[in-house]
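Protein chains in written order, with this note's numbering: chain A, 7 to 272; chain B, 7 to 272; chain C, 7 to 272.
By construction, the Cβ of each residue, glycine as well, lies at the ideal position given by its N, Cα and C atoms.
Because the structure is a prediction, the values reported are computed rather than measured.
To keep things clear, I will list the structure first and then write my remarks on it.
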Amino acid sequence: MDTGKILTALRQRRPLIHHITNQVTISECANITLAAGGLPIMAHAVEEAAEMAAGADAVVLNIGTLTPAQIEAMLQAGRSANKLQRPLILDPVGVGTTSLRSASVKKLLAELQFSIIKGNAAEVAILAGGVAEIKGVEAIAVSADVVPLAAALARETGAVVAVTGEVDLVTDGQQLLEVHNGHHFMSRVVGTGCMTASVIACFAAVEANYLAAAAAGLAAINTAAELAAEEADGPALFKVKLFDQLSALSPAALTARQKITEGQLP
Amino acid sequence: MDTGKILTALRQRRPLIHHITNQVTISECANITLAAGGLPIMAHAVEEAAEMAAGADAVVLNIGTLTPAQIEAMLQAGRSANKLQRPLILDPVGVGTTSLRSASVKKLLAELQFSIIKGNAAEVAILAGGVAEIKGVEAIAVSADVVPLAAALARETGAVVAVTGEVDLVTDGQQLLEVHNGHHFMSRVVGTGCMTASVIACFAAVEANYLAAAAAGLAAINTAAELAAEEADGPALFKVKLFDQLSALSPAALTARQKITEGQLP
Amino acid sequence: MDTGKILTALRQRRPLIHHITNQVTISECANITLAAGGLPIMAHAVEEAAEMAAGADAVVLNIGTLTPAQIEAMLQAGRSANKLQRPLILDPVGVGTTSLRSASVKKLLAELQFSIIKGNAAEVAILAGGVAEIKGVEAIAVSADVVPLAAALARETGAVVAVTGEVDLVTDGQQLLEVHNGHHFMSRVVGTGCMTASVIACFAAVEANYLAAAAAGLAAINTAAELAAEEADGPALFKVKLFDQLSALSPAALTARQKITEGQLP
Chain A
7 MDTGKILTAL RQRRPLIHHI TNQVTISECA NITLAAGGLP IMAHAVEEAA
57 EMAAGADAVV LNIGTLTPAQ IEAMLQAGRS ANKLQRPLIL DPVGVGTTSL
107 RSASVKKLLA ELQFSIIKGN AAEVAILAGG VAEIKGVEAI AVSADVVPLA
157 AALARETGAV VAVTGEVDLV TDGQQLLEVH NGHHFMSRVV GTGCMTASVI
207 ACFAAVEANY LAAAAAGLAA INTAAELAAE EADGPALFKV KLFDQLSALS
257 PAALTARQKI TEGQLP
Chain B
7 MDTGKILTAL RQRRPLIHHI TNQVTISECA NITLAAGGLP IMAHAVEEAA
57 EMAAGADAVV LNIGTLTPAQ IEAMLQAGRS ANKLQRPLIL DPVGVGTTSL
107 RSASVKKLLA ELQFSIIKGN AAEVAILAGG VAEIKGVEAI AVSADVVPLA
157 AALARETGAV VAVTGEVDLV TDGQQLLEVH NGHHFMSRVV GTGCMTASVI
207 ACFAAVEANY LAAAAAGLAA INTAAELAAE EADGPALFKV KLFDQLSALS
257 PAALTARQKI TEGQLP
Chain C
7 MDTGKILTAL RQRRPLIHHI TNQVTISECA NITLAAGGLP IMAHAVEEAA
57 EMAAGADAVV LNIGTLTPAQ IEAMLQAGRS ANKLQRPLIL DPVGVGTTSL
107 RSASVKKLLA ELQFSIIKGN AAEVAILAGG VAEIKGVEAI AVSADVVPLA
157 AALARETGAV VAVTGEVDLV TDGQQLLEVH NGHHFMSRVV GTGCMTASVI
207 ACFAAVEANY LAAAAAGLAA INTAAELAAE EADGPALFKV KLFDQLSALS
257 PAALTARQKI TEGQLP
């Protein structure tokens, strides 16, 4: 897969990425979008969500600090994206921890067609009807292998499913890609999961093959993480360097460093 | 213009700057206020907006992630500021991208007397009735020279208008000042526009000549940006250094480095 | 007091800390929780506050950008914590500046049993019925010695009261501890007060003696601040290093560097 080619397109087209997202990592998501090559717009009012989404090249819905009003705005933005066939990305942060989160994600999945669903192993397992232990927003344990659960979720929803972890997985239910880039500091900073969804959205805005787009986005942020870790002795300085390494990442460097392999679905 | 003298007053008086602002850059706005020499207070509840504004030395209204409830709080805070003749600053983030933003700014301009309006070229052009292309919060193209549009907006609203860009412009409709300080990294970090409004508010809180206050505020943050860029190889580390350079900026250094020239209105 | 032992327990048990907090420092509070050794979850919707709090090991309520809806969520989360006897921490940011803040804190104190109340001298004085000058969120002047006011507040509420300042004070109304660690850069970064409440909550989640937990939490963040200041020439870089020094702080280093002394209540 030529990830560098997608990054080149991203830098040239500077797609506008509309986020309806949580209050914790909203600044990080905006900044990582800019670093990747996109332009961020964050807007959650019900009164402008549909219009803002209609003007965007991709839409990210992240339920990290959801409210019922925000879910309504997500539905409106999502319908805009669906109608205009723009990529729509779901980040089901903390699904399974409360009934509000579970019911809201169920509603979003029922009413919208997502292009890509990005979660950690526990979130994906829960969405696929599996059993998992989640502590806040952290995946603690998943009762079964996440690969078949991710594939089942992809087939059920028609979305590409991206599972973040030590090795990231991407599947559309037919094919499985594994992204081996990354650094353990990513799990010691709040928001790298949310930021990953933003980067994937940037790539999906310029690459219609969402399996490739998700894998390329994962490879990009994880490659930047590897380079950032070389310059940092702790997670906070690492986060600063992560933005700067992604900003500076050349298409050639991404192509050279990407570690994407094909896996086997069971 | 003696920008250093205004900075000295700011550091001595530590004015309280009340913000009703967006969720993306709220932390950055608070921190840059502190770095400039002011004290920040962020409060957006309708139930306390008027009272908080009445206790503040300047008020900043930023529509970056507006909701109708927040606009109502802005009207109440703005009326407090107007009644007590405190400086009131508008940052019309993304105006023109949705009808909610356009209608809300129209309402704010109709009901409140702003001291200073700060925007990028596209935002100012749109407010002045011109035509501009805006992508999210980024000015892409303005159909005409922004100078006469800014001057017309200033004359129409009675506010000083500050236009950020490679060269910043400040006009009250009679005079035009150009601020030549700055660094291109500012456009690669989310929130430098919002932060600029906060710094201008700090200066306006201690300098009643708002044309001078806006120019001095722009010179201050842009001088800090020049110094920060010398210490940073990427935009994220640059942002960290921007805060620290503004914190450390002495009145003498500001006076020595400011590049403010007088321009000609057409 | 063996602060290192509490830190060891914290790192082993990784308690989940539920925050209902302000929009300004929500990211910082989440990151400092992770750095201390806990897991953060931020959730403010009335529809999930009680359920989220019931699954958490401690709950922090911070009124920095309060709204009436958020106060209702706080009441529900607080009742959950009280019912399950989990530590409940109050950070009464800016109390006394508006009637909304004063009335809201009064309601929280009337309906909930707090384990620890953490504030600056002005906030604690105001809660204790004293007179203080507060400018935004900054304590400017307190009319009387804060120690007897803190002790009175502790006796009245049944909570441990922690007062941040150049020397931090902790009292349960019977005993007084003084924490002499810290660095003046902490007052030049927005959010160190909020972050301190998060760290105290982490320690309280694993140490049932809340007087000891609060003192240990204060010693931990303030020790990290001392180490961070050695690596930073300004407050913004200091903040980055504060997270990394707390992440790296070993129980042995905390025990060796803590400066906790016993004081005398009048």
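Does chain A have any CB closer than 9 Å to the CB of residue i?
i	result
A210 of chain C	no
L94 of chain C	no
V115 of chain C	A small correction: the amino acid at residue 115 of chain C is Leu; Val does not occupy that position in the sequence shown. No, no contact with chain A.
G100 of chain B	yes
Let me check understanding here. Comparing Cα to Cα, which of the options lies closest to residue i?
i	options	result
E268 of chain B	B:D174, B:F244 and B:K245	B:D174
D239 of chain A	C:L252, C:P241 and C:V167	C:L252
H50 of chain B	B:V65, B:G44 and B:T39	B:V65
A168 of chain C	C:M7, C:G199 and C:K141	C:G199
A128 of chain C	C:I146, C:L115 and C:L114	C:I146
V152 of chain A	A:A160, A:V166 and A:V130	A:V130
P21 of chain B	B:A234, B:K11, B:L40 and B:D8	B:L40
A157 of chain A	A:Q76, A:V166 and A:V137	A:V166
A75 of chain B	B:N88, B:G100, B:E54 and B:A230	B:E54
V101 of chain A	A:K113, A:L94, A:A259 and A:H24	A:K113
S193 of chain C	C:V205, C:L224, C:T170 and C:D178	C:T170
G188 of chain C	C:Q270, C:S149, C:A210 and C:A230	C:A230
P272 of chain B	B:P154, B:I266, B:A211 and B:I95	B:P154
E162 of chain B	B:K141, B:E172 and B:L118	B:L118
G125 of chain A	A:L67, A:K11, A:S33 and A:S256	A:L67
P46 of chain A	A:I32, A:V99, A:I69 and A:A235	A:I32
At a CB-CB cut-off below 8 Å, which residues of chain B make contact with residue i?
i	result
A51 of chain A	T71, L72, T73, P74 and L106
G188 of chain C	Chain B residues near G188 of chain C: none, gap ~18 Å exceeds 8 Å.
Give the residues of chain A in contact with residue i, contact being defined as C-beta atoms less than 8 Å apart.
i	result
F249 of chain C	G240, P241 and A242
When the cut-off is 9 Å and only beta carbons count, does residue i lie next to chain C?
i	result
S253 of chain B	yes
G61 of chain B	yes
V65 of chain B	no
K245 of chain B	yes
I47 of chain B	yes
E268 of chain B	no
For residue i, which residues in chain C fall below 7 Å Cβ to Cβ?
i	result
T103 of chain A	M58 and G61
Mind listing the chain C neighbours of residue i? Cutoff is C-beta to C-beta under 9 Å, in chain order.
i	result
E184 of chain B	Going along chain C, no residue has its Cβ under 9 Å from E184 of chain B, so there is no contact; the nearest lies around 29 Å.
Are the C-beta of residue i and some C-beta of chain B separated by less than 9 Å?
i	result
G44 of chain C	no
G171 of chain C	no
E54 of chain A	yes
Q179 of chain C	Here residue 179 of chain C turns out to be Gly, not Gln, going by the sequence shown. Output row for G179 of chain C: interface = no.
Which residues in chain B sit within 7 Å of residue i, going by Cβ to Cβ distance?
i	result
E232 of chain A	Per Cβ cutoff of 7 Å: no residues; E232 of chain A is ~16 Å from chain B at best.
List the residues of chain A whose Cβ lies closer than 9 Å to the Cβ of residue i, in chain order.
i	result
G10 of chain B	Here the premise fails: no neighbours, minimum Cβ distance about 31 Å.
Using 9 Å as the limit for Cβ to Cβ distance, is residue i near chain D?
i	result
V101 of chain A	Although the question refers to chain D, the structure presented lacks it and instead comprises the protein chains A, B and C.
Can you list the beta strand (DSSP E) stretches of 3 or more residues lying completely in the segment 120-191 of chain C, in chain order? 122-126, 138-141, 144-148, 166-170, 174-177 and 182-185
Along the segment 117-141 of chain C, what residues have a CB closer than 8 Å to any CB found in chain B? K141
At a Cβ cut of 9 Å, what residues of the segment 15-41 of chain B count as close to chain A, listed as they run along the chain? N28, Q29, V30, T31, I32, S33 and E34
Using Cβ-Cβ distances below 7 Å, what residues of the segment 142-162 of chain C are close to chain B? G142, V143 and E144
Could you list the residues in the segment 190-222 of chain C with a C-beta less than 8 Å from some C-beta on chain A, going in chain order? none
Contained alpha helix (DSSP H) runs [length at least 4] in the segment 51-108 of chain B, N- to C-terminal order: 52-60 and 74-89
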